[in-house]
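Note that the working numbering has the sequence shown beginning at 1041, numbered continuously upward.
To keep things clear, I will list the structure first and then write my remarks on it.
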Amino acid sequence: MKEFFRKKMVGLKRKPQTIALVVLVVAFLYYSLNLTQISNTTAKVQGPGMGLSGFVTMLFSMLSLVCFMNAFPHRKKVNIPMLVLMFIMIGVIIYCDIYYGGRITSAITRADNPIDPTGTNSYITNAQNMLKVHMIILIIGAGLTALLPVYAPLLKKVNTSIEVAGNDDMGALDLRGED
């Protein structure tokens, strides 16, 4: 078990951007696996732009992952334009989540014919809470990506070498070549 964690730490030292990538993948999976609640809420509320907002969120979630992977090519320097594009997409996703949540709030609180988010419509409250959690996960992922230059050197300082018994007892090697 100790060796497993050591190998994972060595992998993180080589590719520290994996931490941010995992968080962004979790955000994508969280939104994708709760898409039914978003779809049901869109069908019930029928607010302007809600369907487009859900579509843009899903599309940009996938594309931001592609941009992230292209921003950090293997053994090459960071591709800055792809990184900037990824941050723009994350910003658009957060805007769409805020807009969608606002449409839900306006449908619940409107004066004429408000929608009751309890009982059979409890998925509306679940969708609203899910959007908040999704935004938090996205902000954490964007923050980890932005702070990569800070924590990458700290990860490299972690000692992952293996102490081998008998290495301390080795004497000096005689390289003179005399037989």
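The beta carbon of each residue, even a glycine, is placed where N, CA and C say it ideally should be.
Because the structure is a prediction, the values reported are computed rather than measured.
Cβ pair F1112, Q1057 closer than 8 angstroms: yes
Delimiting residues of the alpha helix (DSSP H) encompassing F1127: I1120 to T1149
Delimiting residues of the alpha helix (DSSP H) encompassing R1054: K1042 to R1054
Span separating the alpha-carbon of G1051 from that of P1121: Their backbone Cα atoms lie some 26 angstroms apart in a straight line.
Under the three-state DSSP convention, the category I1158 falls into: Residue identity differs from the one stated: residue 1158 is Thr in this sequence, not Ile. It is coil, neither helix nor strand.
S1201 - DSSP class collapsed to helix/strand/coil: coil
DSSP three-state assignment for L1187, whether helix, strand or coil: When DSSP states are grouped into helix, strand and coil, L1187 belongs to the coil group.
Other residues of its chain near T1081: CB distance less than 6 angstroms, five sequence neighbours each side excluded: I1164 and A1167
Limits of the alpha helix (DSSP H) - the one that G1091 falls within: M1090 to A1111
H1114, buried or exposed, once every other Cβ within 10 Å from all chains shown has been counted against 16: exposed
Buried or exposed by the 16-neighbour rule on C-beta atoms within 10 Å, applied to M1041: exposed
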